[in-house]
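In our numbering, the protein residues as written are 491 to 619.
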């Protein structure tokens with residue numbers, strides 16, 4: 491019985507791990523990021539977003555917008571890639587979810603979208619009381 495429970499938990503864990511794609515972002519101050527219609531969440535290591543893998547139409551890029559005071563200040567497409575993992579989740583993953591983020595971290599503070607060139611560190615408290 492314990493083997494069956496362990497096997498079910500392992501299979502569910504693998505299935506859930508294969509059902510998302512995520513990335514971190516460095517964005518300009520006082521802006522919000524929306525990727526593929528979903529608002530990203532700011533955090534200690536930068537702004538992050540986790541999505542379900544994307545359809546074939548996103549192979550040319552994943553739509554994003556930077557918003558400041560309810561106005562779109564920048565929009566475009568993030569580089570994407572074919573997810574090799576989708577081959578191993580037939581038949582639906584290969585058909586519906588073959589696309590994910592190309593980079594694990596994007597720097598959107600430049601004029602051109604680039605992969606982060608520095609490791610992201612937690613924000614340090616510089617209070618010297």
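All residues carry an ideal CB built from backbone N, CA and C; glycine is no exception.
Cβ-based neighbour list, residue i, same chain, cut-off 8 Å, excluding 5 preceding and 5 following
{"i": "residue 531", "result": "537, 538 and 539"}
{"i": "residue 567", "result": "550, 551, 552, 553 and 554"}
{"i": "residue 516", "result": "536, 537, 595, 596, 597, 598, 599, 606 and 610"}
{"i": "residue 571", "result": "589, 590, 591 and 592"}
{"i": "residue 604", "result": "596 and 597"}
{"i": "residue 496", "result": "none"}
DSSP three-state assignment for residue i, whether helix, strand or coil
{"i": "residue 592", "result": "coil"}
{"i": "residue 538", "result": "strand"}
{"i": "residue 603", "result": "coil"}
{"i": "residue 531", "result": "strand"}
{"i": "residue 552", "result": "strand"}
{"i": "residue 517", "result": "coil"}
Cβ-based neighbour list, residue i, same chain, cut-off 6 Å, excluding 5 preceding and 5 following
{"i": "residue 618", "result": "Model confidence at residue 618 stands at a pLDDT of 39, short of 50, so the residue's coordinates are unreliable and nothing is read from them."}
{"i": "residue 563", "result": "556"}
{"i": "residue 565", "result": "555"}
Integer-rounded CB distance, given that residue j should sit under 8 Å from residue i
{"i": "residue 529", "j": "residue 522", "result": "6 Å"}
Other residues of its chain near residue i: CB distance less than 7 Å, five sequence neighbours each side excluded
{"i": "residue 520", "result": "558"}
{"i": "residue 569", "result": "551, 592, 593 and 603"}
{"i": "residue 560", "result": "none"}
Any chain C beta carbon closer than 8 Å to residue i
{"i": "residue 599", "result": "Any reference to chain C falls outside this structure, which holds one protein chain only."}
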